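What follows is a set of notes on a single structure, which appears directly below.
In our numbering, the protein residues as written are 502 to 694.
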């Protein structure tokens, strides 16, 4: 008698859940002393400030044609990436947990956060599509040089890229801001004797 094999989708879900649990186990061994609300909120504020400063500097660098500012913006983006990975480690990847891993409350919170960010994506996408489309036509009608038109398109596209990256980070940032402090000493220091 042969057993029925599970469907490819069921095997994929099981693989995804196992992979998530392995990654989370690895992350649990890092940054124990930072797993409190105060440190997480400080990192969220620092990340937001660094990220938005980098966006602003990149736009100014293109408009003023200053390579030094563009280099500073690149360094700030690397710092923002390091801060983002630290935040995701502190929230233990809860913003991207598979549904099978979450309880009912956590799943509802995750779906609410994703729905909110989807609305931001649509709004920002429509605004920037309008700027690129109608702004380019308006600029050509006004007799702008091709270089100015390239600057408009590049700056609009780059800021859209960077802002959409920030919008994608919203669920993780909200979780880092709102998750309660762990009260169980085993959660804070699992390997302490």
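Every residue gets a Cβ at the ideal spot worked out from N, C-alpha and C, and that includes glycine.
Nothing here was measured: the structure is a model prediction, and the numbers come from that model.
Start and end residues, alpha helix (DSSP H) containing residue i
i	result
residue 645	That residue, residue 645, is in no alpha helix (DSSP H); it is neither H nor E in DSSP.
residue 585	568 to 591
residue 546	538 to 565
residue 682	Residue 682 -> no alpha helix (DSSP H), and no H or E assigned at all.
residue 599	Careful: residue 599 lies outside any alpha helix (DSSP H) and carries neither H nor E.
residue 506	Per DSSP, residue 506 belongs to no alpha helix (DSSP H) and is neither H nor E.
Straight-line Cα distance separating residue j from residue i
i	j	result
residue 502	residue 531	Low per-residue confidence applies at residue 502: pLDDT is 47, beneath 50, and the placement is therefore not dependable, though the value from the model is reported in the following sentence. One C-alpha to the other measures close to 47 Å.
residue 535	residue 521	21 Å
residue 613	residue 511	25 Å
residue 576	residue 556	12 Å
residue 611	residue 599	10 Å
residue 583	residue 524	18 Å
residue 545	residue 537	12 Å
residue 671	residue 518	23 Å
residue 539	residue 564	38 Å
residue 533	residue 624	38 Å
residue 559	residue 547	18 Å
residue 668	residue 505	43 Å
residue 580	residue 587	11 Å
residue 568	residue 628	28 Å
residue 682	residue 652	46 Å
residue 673	residue 509	30 Å
residue 644	residue 615	42 Å
Own chain residues within Cβ distance below 6 Å of residue i, not counting five before or after
i	result
residue 595	676
residue 630	none
Cutoff 8 Å; reference residue i; Cβ partners in own chain excluding five residues on either side
i	result
residue 650	637, 640 and 641
7 Å CB neighbourhood of residue i in its chain, flanking five on each side removed
i	result
residue 528	590, 593 and 594
residue 542	678
residue 570	558, 561 and 562
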